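Working notes, beginning with the structure itself.
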Amino acid sequence: MRVGHATILREVKRSAQTAANAALVRVAGIDDWAWKKGMNYGTGIVDLERRRVVHVLPDRSAASTAEWLKRHPAIEVISRDRAGLYAEGARKGVPQARQVADRFHLLQNFREAVERQLTHPGGPVKRSSDGVPKESESLLAFAMMATIRVHANASAAPSPKKIRSVMTTKAARPSSTAS
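For the sequence shown, this note's numbering assigns the number 270 to the initial residue and increments by one for each residue that follows.
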């Protein structure tokens, strides 16, 4: 069965949480979406803990995002894309909230960094004594820490030193070959 854009939007708005539930949002996801691709954009705000749409803003601006966030000071974490306008809206609306990259953009940033490393025009990559490329040591540690923090409590995440020791141990293990 075909469904029009207006019907989908109406259902999303109808299913959005009540104002009382929106006040309980602690971890919010903010992203834009197109009313009409390339022309008009809105902003969707999602309660990431309950996986529910909380509100749909009619535009994609820092001012409207900040205004909505000011009415919800209980928000502690904002997951957002790389758009500067959402960073500004979050800073103005809930300055105490921690801003984090959403999973898609975290992986996109990682992929782009790996591609830059793999296509590095400077010749062969120098390796440290443990076999890990020097240029990518910090990149690998950053990517592993970021992934761990996304999937676990940030306070329980292992230290970069622990991650490096795990990376070194795994790199040093001889591969098992069948004889």
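Built from N, CA and C at the ideal position, the CB exists for glycine as well. Quick caveat: nothing in here was measured; it's all calculated off a predicted structure.
By the beta-carbon neighbour count (other beta carbons within 10 angstroms, threshold 16), THR334 is buried. Judged by DSSP secondary structure, LEU387 falls outside any beta strand (DSSP E) and instead within the alpha helix (DSSP H) spanning 372-387. Pairing ARG367 with GLU345 gives a Cβ-Cβ distance under 8 Å.
At a Cβ-Cβ threshold of 8 Å, ASP350 and ASP328 do not count as neighbours. Excluding five sequence positions before and after PHE373, the CB atoms of its chain that fall closer than 8 Å to its own CB belong to ASP350, given in chain order. Looking at the DSSP output, ILE344 shares a beta bridge with no other residue.
Assigned with DSSP and collapsed to three states, GLY311 falls in strand. Under the three-state reduction of DSSP, LEU338 is assigned to helix. The DSSP-derived three-state label of ALA352 is coil. Under DSSP, ARG321 forms a beta bridge with ASP316. Pairing THR388 with LYS306, the inter-Cα distance amounts to about 33 Å. Inter-residue distance for GLY273 and GLN365 is about 39 Å (C-alpha atoms, whole angstroms). Secondary structure of GLY298 (DSSP, three-state): strand.
The beta carbon of PRO342 sits closer than 7 Å to those of VAL363, all from its chain and outside the five residues before and after it, given in chain order.
Just measuring C-alpha positions, the residue of THR312, ALA352 and GLU318 sitting nearest LEU338 is THR312. When the Cα atoms are used, ALA297 and LEU376 turn out to be separated by approximately 19 Å.
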